[in-house]
Amino acid sequence: MHGPSEFFNNNNQDTHMKNMATKPNHKTEVGQFFYKGKDSDLIVFVKSENAVDKYLESPLVENLADCVETFQIFTNMDSGSRGHRGALGEASRAAVENELGKGIDQFGAIDLILKQGKYTGTMSEIRRKDRMKE
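In structure tokens:
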């Protein structure tokens, strides 16, 4: 029989190893794909421009996970602002439908943004451009 400290030590070690395996690699750069809408601009975070190009060669839902960083669509939350810079927040379903069509699902919306949008660079490239403007 194991004592309490032995149980907790092993349990913490197992949990720590699981967490290490699931933590994202912070060395990878996240890129942005930008869609200029009539009322709202939409942004999707992607793994790389090359990953999107590869997806666009075979645009199947099962290939989408290979190029997007997260299955969320973002928009500029700064009051009166548009574009891919500034405070970004998750776009509402209504905002996405207003721009891309009623009844479009998340996968279809991301697919359309990747097909009709443009790559605006990695997050560090965008931050550097912002600093240069100041």
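So the sequence shown is numbered by the UniProt record's numbering: it starts at 1 and just counts up by one. Where a beta carbon is used, it is the ideal one built from N, C-alpha and C, also for glycine.
Taking the beta carbon of residue i as the centre, do at least 16 other beta carbons fall within 10 Å, making it buried, or is it exposed?
i    : result
T70  : exposed
L114 : buried
E57  : exposed
D111 : buried
Which residues in the same chain as residue i place their Cβ atom closer than 6 Å to its Cβ, once the five residues preceding and following it in sequence are excluded?
i    : result
K118 : F34
M77  : A87 and G89
Are residue i and residue j close, meaning C-beta to C-beta below 8 Å?
i   : j   : result
N97 : F74 : It is worth fixing the name first, because residue 97 is Glu in this sequence and not Asn. It is not a contact, given that the beta carbons lie outside the stated cut-off.
A87 : D66 : no
L42 : Y55 : no
Cutting at 8 Å between CB atoms, please list the residues of its own chain near residue i, excluding the five before and the five after it.
i           : result
A46         : Position check: residue 46 holds Val in this sequence, whereas Ala was assumed. Taken in chain order, the residues that qualify are V30, G31, Q32, F33, V52, C67, V68, E69, L114 and Y119.
residue 136 : In the structure as shown, the chain starts at 1 and stops at 134, and residue 136 therefore has no counterpart that could be examined.
N11         : Per-residue confidence for N11 stands at a pLDDT of 48, beneath the threshold of 50, marking its modelled position as unreliable; the derived number appears in the next sentence. Contacts found: none.
D99         : Checking the sequence shown, residue 99 turns out to be Glu, not Asp. The residues are Y35, G37, K38, D39, S40 and L42.
G103        : E97
Using a Cβ-Cβ cutoff of less than 7 Å, which residues in the same chain neighbour residue i once the five nearest sequence positions on both sides are dropped?
i    : result
A95  : S40 and T75
H26  : Interpretation of H26 is limited by its pLDDT of 47, a score under 50 that renders its predicted location unreliable; no figure is taken from the coordinates.
Q116 : Y35
In terms of DSSP beta bridges, what is residue i paired with?
i    : result
G121 : Q32
N50  : BP columns for N50 are empty, so no partner.
From the beta carbon of residue i, is the nearest beta carbon of chain D less than 8 Å away?
i   : result
G31 : The structure shown contains no chain D, having only a single protein chain.
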